[in-house]
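In our numbering, the protein residues as written are 12 to 438. Cβ coordinates follow ideal geometry from the N, Cα and C atoms, glycine included. Single-structure report; data block below.
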RNA sequence: GGACAGGUGGCCGAGUGGUUGAAGGCACCACCCUGGAAAGGUGGCAUACCUGCAAGGGUAUCGAGGGUUCGAAUCCCUCCCUGUCCGCCA
């Protein structure tokens, strides 16, 4: 949720900032919000004045009753003001409901440093490692995976539908190995607390992180229960502290969780449909940090390096890209995408998105902390980064480490977890 | 799913329809006491919104939403959650 006070105090600046996202509909939404906010205050002042009179008169009734005097005249007069208050309260509640539902659709203010423009203006920050060179034609992962019997995509289609991969044998074990490797790295070396959250969450939780109400088409619903399959562990983990005043000593809080992620990909049909590149269900290790506002810039760099470490340990070449304002997600103020090189498909694949949400999610989820024992509570800042997503990591592992004979070398960091240093096609 | 018992501030916990935003305690903060600390003493200590240059003033909030009433933490209804027991179940 954006800060309505900021919007009210600096409408022009707020508008300019939000317009950098390239969505012109935001401008009219802002105008409506400002008007509703004005109406809200107008009705609030009127209603509260009447309530103050009523409360004073009620106190007088109480005083007289204690003194054993009659209060019938006052009570008679108060009957009608009760009705008036009720009507004004309803009017006020309607205005506030409209205001809130509109405010929930406004994206976060992009950070001033984000590049101007759409995805074509994304900025390369740094890269690590060298894409491998082969003296044979690199095969794509779907061929390698089939010949190595790591997954059976037609079986996944049969039991669920397209985009629901089914892993077999060493392919299934590879998922377990990646989970253990990444969780061990983040818990023992980066200091994260491991969380195993629910995979189904309620409406308030999904609103807190920003998926609802605007992106309802992107999440799977569980009718008739008002529950939703998580699109990322960010959702349940960030909401751990919803409606809390967090102990200042507990900050920064850092959590890591490995969960399946469910995404309808409603607007991406036809894109990257081959193999494991874009699927409806996948596993991902997610890092979440809840920090003091003044720390969030440095924390963003830190969480990004935590994600990068995963790829470095696995020996996978990658690059870090800062997203332009027009490509930055709804709740995010600033995002780095980490893209891994995949030799078979010959491209860079996003395996991690590392974002700072400033106080946007904290406002929605009402997560605050007390800077000092006597100070007023303030909103925390939230950040998250994938650390990292499995399918595209698997793609890179297979495609970059393949040999001419169709076997695949397993990186040293992963071999102990997998119990093998090479995957070999069975005869 | 059924039957009871509950949901009150950061935490615990009291609360007869009317100075109860809410006793008391813990925690926390300031001061006193001390060489320093502990113990003890005194005082302070909810949140949001509106209004005001400010001091301040106002409104709302006792799980959520309705209702009764001049007035609800307190009475009634619905829902949610927690505990205990029963049933079912991996």
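*Would you kindly report the start and end of the unbroken beta strand (DSSP E) that includes residue 222?*
Note, residue 222: premise wrong, no beta strand (DSSP E); not H, not E.
*Could you pull the start and end residues of the alpha helix (DSSP H) that residue 30 belongs to?*
Run containing residue 30: 22–30, per the alpha helix (DSSP H) assignment.
*Starting from residue 392, follow its DSSP beta bridges and name the residues at the other end.*
Residue pairing for residue 392: DSSP places it in a beta bridge opposite 302.
*Which residue comes first and which comes last in the alpha helix (DSSP H) that contains residue 119?*
First-last for residue 119: undefined, no H or E at that position.
*With DSSP run on the structure shown, which of helix, strand or coil describes residue 330?*
strand
_Which runs of the alpha helix (DSSP H) at least 4 residues long sit entirely within the stretch 373–433? Give them in chain order._
401–411, 426–429
*Near residue 180, what residues of its chain come up, given a Cβ to Cβ distance below 8 Å and the 5 sequence neighbours on each side ignored?*
Excluding the 5 residues flanking it on each side, residue 180 has same chain C-beta neighbours closer than 8 Å at 160, 161, in chain order.
*asked:* I need the straight-line Cα distance from residue 299 to residue 411, nearest angstrom please.
replied: 29 Å
*For the putative contact between residue 304 and residue 370, defined by C-beta atoms under 8 Å, what is the C-beta separation to the nearest angstrom?*
7 Å
_C-beta contact flag for residue 428 and residue 112 at 7 Å_ = With contacts defined by Cβ atoms closer than 7 Å, residue 428 and residue 112 do not form a contacting pair.
_Under the three-state DSSP convention, the category residue 40 falls into_ = helix
*Would residue 66 be called buried (16 or more neighbouring beta carbons within 10 Å of its own) or exposed?*
exposed
*With DSSP as the reference, label residue 270 as helix, strand or coil.*
strand
_Inter-residue CB distance, residue 424 and residue 324 (contact presumed, cutoff 8 Å)_ = 4 Å
*What separation, rounded to the nearest whole angstrom, lies between the Cα atoms of residue 347 and residue 317?*
13 Å
*Name the two residues that bound the continuous beta strand (DSSP E) containing residue 140.*
Taken as a continuous stretch (DSSP letters only), residue 140 belongs to no beta strand (DSSP E), as it is neither H nor E.
*Within 10 angstroms of its Cβ, does residue 234 collect 16 or more other Cβ (buried), or is it exposed?*
exposed
*Does the stretch 123–141 come close enough to the stretch 379–399 to have 3 or more Cβ pairs within less than 8 Å?*
no
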